[in-house]
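So the sequence shown is residues -20 to -1, 1 to 145, counted in mature numbering (1 follows the signal peptide of the UniProt record, and there is no 0). Have a look at the structure below before the remarks.
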Amino acid sequence: MASILSFMTVILCAVALSEGCSCVTTDHWEILCRDQFAVQAEVRKRIGEKAIKAEARGLTDPDSEKEYEVTIWKKFKGSDRIVTRPFRSGRNPDVHIEERTNVLTRIGGCGIDLQKGEYYLLTGKIDGESLYINRCGWNVPWASLSAEDLIALAGFSTANNCSSS
């Protein structure tokens, strides 16, 4: 019996270590209040991967990041801090100018895989001109949001929806 318990403990520890991500909360509204930005974004392309310096981000180990170019269609939080660049599609000057920016996420651990052409609700941290997302944010395909979620997001305001505690 003791050997079975020891084996199960080893298996559970291996699973916990392989996941590599531990989030304090999974409540969507707590995440929205905690994170620095929330946007509806369409993934245009995956730009690539790059190594990051651990000490620059307060990480304990060196890691790599994936970078995506996204079009931001709607800003729910952080609009005054999100840096975008205009992008005009087509040659017609009357065509809507899109707001594009880059989103970074770690490879493995808490990182997220985004699919080109898909729309997402993305939340996370703003660092200078970069937006960072991870599994601990409310980062989901836009189509998976409920009608109640969409109504609540449309009326979201940090002052009215987040306690100052």
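For each residue, glycine too, the CB sits at the ideal point set by N, CA and C. Keep in mind the model is a prediction, meaning the values are calculated, not measured.
Using a C-beta cut-off of 8 Å, the region 88 to 99 makes no contact with the region 56 to 65, since fewer than three inter-stretch Cβ pairs fall below that distance. In this structure the region 15 to 25 lies against the region 99 to 108, because at least three pairs of beta carbons, one per stretch, are closer than 8 Å.
Shown here, residue 24 sits in a strand according to DSSP, grouped into three states. Per DSSP, residue 138 lies in no beta strand (DSSP E) segment; the continuous alpha helix (DSSP H) that holds it begins and ends at 138 to 141. Spanning the alpha carbons of residue 114 and residue 53 requires a straight line of approximately 20 Å. Considering only 22, 116, 121, the residue with the shortest C-alpha distance to residue 4 is 116. In the DSSP assignment, the residues bridged to residue 18 are 57, 103. Residue burial is scored here from C-beta neighbours: residue 130 has fewer than 16 other C-beta atoms within 10 angstroms and is therefore classed as exposed. In this structure, the straight-line span from the alpha carbon of residue 127 to that of residue 136 is close to 14 Å.
Our two residues, residue 138 and residue 55, have alpha carbons roughly 13 Å apart in a direct line.
Comparing C-alpha distances from residue 58 to each of 27, 78, 110, 88 shows the shortest one belongs to 110. Selection 9, 84, 67 evaluated against residue 27 yields 84 as nearest (Cα-Cα). With a threshold of 16 other beta carbon atoms within 10 Å, residue 81 meets it and is buried. Assigned with DSSP and collapsed to three states, residue 124 falls in helix. Distance from the CA of residue 86 to the CA of residue 132, rounded to the nearest whole angstrom, comes to 29 Å.
Look at residue 109 here: in three-state DSSP terms it is coil, with no helix or strand label.
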